[in-house]
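Undergrad: If you scroll down you'll find the structure; I have some questions about it.
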Amino acid sequence: MKEDVAMMINKNHSNVDKTVKKIIESLCTDSELVFEKHRYLKDYSSVLLIFERFFVKINGCISLTILLSQYDNTCYADVVISGGCVGICTKSYGTNNTYKKEAVELLQKLGFSLI
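This is the structure:
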């Protein structure tokens with residue numbers, strides 16, 4: 000679903016590893032980091048982070064995936080929410096939007112803007 004995805008950019012970004020550390024510190028207070036993978040090439044680096052959080056409202060977990068891709072001083076962030084739907088109608092009761100909003104607001108504090 001389109002509402003479960005956010006694309007962001009930071010045009011004055013210098014260090015993807017510092018950003019990753021801040022994201023992990025902030026989100027791991029009530030989420031679990033289940034996967035982290037760094038890739039470094041000559042002029043390009045990327046980091047894939049996958050978090051999981053339990054929501055009582057849906058009695059289940061939601062996954063938050065953040066892909067950071069940096070080239071020169073520009074960093075892109077792709078935020079994807081998955082899971083969290085209950086029943087035949089696949090209702091998330093607002094939990095997906097809550098989790099995505101938290102991630103987007105965190106990235107905005109770190110200098111990213113929605114594109």
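FYI, numbering that gives the first Met the number 0 numbers position 107 of the sequence shown as 106, with every residue one higher than the one before it.
Here a beta-carbon is modelled for each residue, glycine too, at the ideal position from N, C-alpha and C.
By the 10 Å Cβ neighbour count, where 16 or more other Cβ atoms means buried, how is V55 classified, buried or exposed?
TA: Sequence index remark: in the sequence shown, residue 55 carries index 56 (1-based). Exposed: under 16 other Cβ atoms inside 10 Å.
Undergrad: What residues in its chain sit with their C-beta under 6 Å from that of T73, if we drop five residues either side in the sequence?
TA: In the sequence shown, the residue the question calls residue 73 occupies position 74. So the list reads K10, once near-sequence residues are dropped.
Undergrad: Along the beta strand (DSSP E) that carries L66, what are the first and last residues, could you check?
TA: In the sequence shown, residue 66 corresponds to position 67, counting from 1. Looking at the DSSP string, the run of the beta strand (DSSP E) that includes L66 is G59 to Y70.
Undergrad: Leaving out the 5 sequence neighbours to the left and right, which residues in its chain are closer than 6 Å to L105 when beta-carbon positions are compared?
TA: Against the sequence shown, residue 105 aligns to sequence position 106. Within the same chain, L105 has close Cβ partners S25.
Undergrad: One question on the structure: do G110 and H37 come within less than 8 Å of each other, judged by their Cβ atoms?
TA: Working through the sequence shown from its first residue, we reach residue 110 at position 111. Working through the sequence shown from its first residue, we reach residue 37 at position 38. Contact flag unset, no.
Undergrad: Mind checking who F53 pairs with in its DSSP beta bridge?
TA: Counted from its first residue, the sequence shown places residue 53 at position 54. Per DSSP, C60.
Undergrad: Just to confirm the assignment, what range does the alpha helix (DSSP H) spanning D16 have?
TA: Position 17 of the sequence shown, counted from the start, is the residue given in the question as residue 16. Here the alpha helix (DSSP H) through D16 covers V15 to L26.
Undergrad: Starting from the C-beta of L47, find all residues in its chain whose C-beta is less than 6 Å away, skip the five residues before and the five after it, and write them out in chain order.
TA: Indexing the sequence shown from 1 puts residue 47 at position 48. Taken in chain order, the residues that qualify are K36 and L66.
Undergrad: So, helix, strand or coil for N96, using DSSP?
TA: As a position in the sequence shown, residue 96 is number 97, starting the count at 1. If DSSP states are grouped into helix, strand and coil, N96 belongs with the helices.
Undergrad: For the putative contact between Y70 and D42, defined by C-beta atoms under 8 Å, what is the C-beta separation to the nearest angstrom?
TA: Counting from one through the sequence shown, the residue named residue 70 turns up at place 71. Counting from one through the sequence shown, the residue named residue 42 turns up at place 43. The pair is a contact, with the Cβ atoms about 6 Å apart (cut-off 8 Å).
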